[in-house]
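Since the structure comes first, as structure tokens, the remarks are kept for the end.
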Amino acid sequence: MEFSSEMVCRVALPPSLPPMDHLAKLEGSILLHSAEPTDQGITLEGDLLWRGFFPDDSGVLQCLWEGAEFFRETFSTEGMKRGDDLTISPSVNEVTGTIKDDDTYELRFMVHWWDYHTLEDSDKESMREDTEKEEDEDPLWEDCPCEEKVAVAAEVKENFSEAPAEDEVLTPEDNREEEETMNVKESAEPKKIIDHGDDFEKEIKAIDDTFRETIKVLKEEPSAPKEIAAVNSQTDVLETTNELESQTTAPASKHVEVVQEEPSMRRAPNSSGSYCLRYYRARPGDSLDAIAERLSVSLARMREINELDEIGIVDTKEIENRMIRIE
1 MEFSSEMVCR VALPPSLPPM DHLAKLEGSI LLHSAEPTDQ GITLEGDLLW RGFFPDDSGV
61 LQCLWEGAEF FRETFSTEGM KRGDDLTISP SVNEVTGTIK DDDTYELRFM VHWWDYHTLE
121 DSDKESMRED TEKEEDEDPL WEDCPCEEKV AVAAEVKENF SEAPAEDEVL TPEDNREEEE
181 TMNVKESAEP KKIIDHGDDF EKEIKAIDDT FRETIKVLKE EPSAPKEIAA VNSQTDVLET
241 TNELESQTTA PASKHVEVVQ EEPSMRRAPN SSGSYCLRYY RARPGDSLDA IAERLSVSLA
301 RMREINELDE IGIVDTKEIE NRMIRIE
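Each residue of the sequence shown is one higher than the last, beginning at 1 in the numbering used here.
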């Protein structure tokens with residue numbers, strides 16, 4: 001069964017449309033809803049759809065008219081056997097229009113129909129291949145929530161299968177060994193350093209002297225009790241440091257500054273603008289090893305003159321006002 005037919009419908013023109021003389025393009029399509037066998041043949045129901053394009057001021061075509069019209073047509077099935085599964089796929093080859101009056105327009109659709117069972121075997125195979133290809137490219141079951149849950153469950157199961165067994169989980173000792181290995185690798189990388197020489201040591205001493213003089217001046221001013229309390233605390237730190245320095249018989253090592261993204265220079269507390277390179281503001285998670293490496297200071301020397309907790313990690317609660325004095 002294979003045939004073509006002309007389907008005609010008259011529609012009312014919307015008042016908002018431009019004059020139909022300016023209609024530049026018509027497109028048509030057909031949507032089939034049902035096909036029922038009858039005594040006369042087969043009755044088809046569906047919609048005829050169209051789109052009308054008009055040029056704008058710049059000549060570009062714009063779709064300003066869309067519509068649909070219901071149809072019900074009966075076609076003869078003479079020559080077909082009763083009980084055959086009928087598969088009909090209509091397509092619009094052409095659509096034309098004619099102005100009937102000021103508010104009525106006639107549309108003529110040339111519709112081509114074909115029955116799957118009348119196709120040659122080669123055509124049937126081609127249609128099967130096209131259908132299978134479309135299903136592979138866009139399978140319907142991808143949107144099914146059940147299938148999505150199955151896919152997610154399979155992924156979770158795979159992730160669990162890749163997880164290490166209980167006896168393979170790293171112990172704290174393993175983690176410590178891994179960290180030590182990483183530290184060795186980092187320390188093996190060459191670092192760019194700048195040797196300031198003896199002049200730099202003199203500048204440091206001058207800054208330190210200025211800082212001490214500032215402390216004395218602040219102590220003599222009675223109008224700043226809060227500053228005096230802070231200065232007293234700093235003085236205790238300085239005196240403790242001086243005692244430790246006097247007990248150390250080894251000569252002071254030559255100062256070498258490590259070039260970092262963040263400079264080690266920090267404003268000393270209550271310094272009134274003076275800076276002291278011997279002070280470093282601790283940050284959460286800082287360890288003695290990290291500070292010593294950042295400032296090229298002996299770790300043993302750091303532990304002599306600093307009061308950090310036993311494991312060498314700065315207490316986060318006291319981090320805001322904590323200044324660590326280094327050599």
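Here a beta-carbon is modelled for each residue, glycine too, at the ideal position from N, C-alpha and C.
- Residue pairing by DSSP places Pro-18 opposite no residue, since no beta bridge is assigned to it.
- Here Leu-48 is buried: its Cβ has 16 or more other Cβ atoms, across all protein chains shown, within 10 Å.
- Within its own chain, the residues whose Cβ lies closer than 7 angstroms to the Cβ of Gln-62, once the five positions on either side in sequence are excluded, are Phe-53, Phe-54 and Asp-56, listed in chain order.
- In the same chain as Gly-46, and ignoring 5 residues on each side of it, the C-beta atoms closer than 7 angstroms to its own belong to Ile-30, Leu-31, Leu-32, His-33 and Phe-71, in chain order.
- In the three-state scheme derived from DSSP, where H, G and I count as helix and E and B as strand, Asp-57 is classed as coil.
- When DSSP states are grouped into helix, strand and coil, Thr-214 belongs to the helix group.
- Annotation: the continuous beta strand (DSSP E) that includes Ile-30 extends over 25-37.
- For Gly-41, no beta strand (DSSP E) segment is defined, and its DSSP state is neither H nor E.
- Per DSSP, the unbroken beta strand (DSSP E) holding Asp-101 starts and ends at 91-101.
- Two segments are said to touch when three or more pairs of C-beta atoms, one from each, lie closer than 8 angstroms; by this definition the region 97-105 does not touch the region 35-43.
- Assignment of Thr-104 by DSSP, reduced to helix, strand and coil, places it in the strand class.
- In the structure shown, Thr-181 adopts helical secondary structure according to DSSP, grouped into three states.
- A straight-line Cα-Cα distance of about 17 angstroms links Leu-23 and Phe-109.
- Between the alpha carbons of Pro-19 and Thr-77 lies a distance of about 43 angstroms.
- Rounded to the nearest angstrom, the Cβ distance from Arg-51 to Glu-73 is 22 angstroms, too far for a contact under 8 angstroms.
- Contact check for Val-8 and Glu-69: beta-carbon distance about 10 angstroms, past the 8 angstroms limit, so the pair fails to qualify.
- Distance from the CA of Gly-41 to the CA of Gly-28, rounded to the nearest whole angstrom, comes to 26 angstroms.
- Closest by C-alpha distance to Leu-17, out of Leu-44, Thr-43, Leu-64 and Leu-26, is Leu-64.
- If you check the CB distance, Ser-5 and Val-111 come in under 8 angstroms.
- Under DSSP, Ala-68 takes part in a beta bridge, and its partners are Leu-49.
- Taken atom to atom, the span from the alpha-carbon of Asp-209 to that of Asp-289 is near 29 angstroms.
- It is roughly 13 angstroms from the alpha-carbon of Pro-90 to the alpha-carbon of Phe-75.
- By the C-beta density criterion, Phe-211 is buried, having at least 16 other C-beta atoms within 10 angstroms.
- Judged by beta-carbon spacing, Leu-44 lies beyond the 8 angstroms limit of Gly-97, meaning their Cβ atoms are not closer than that value.
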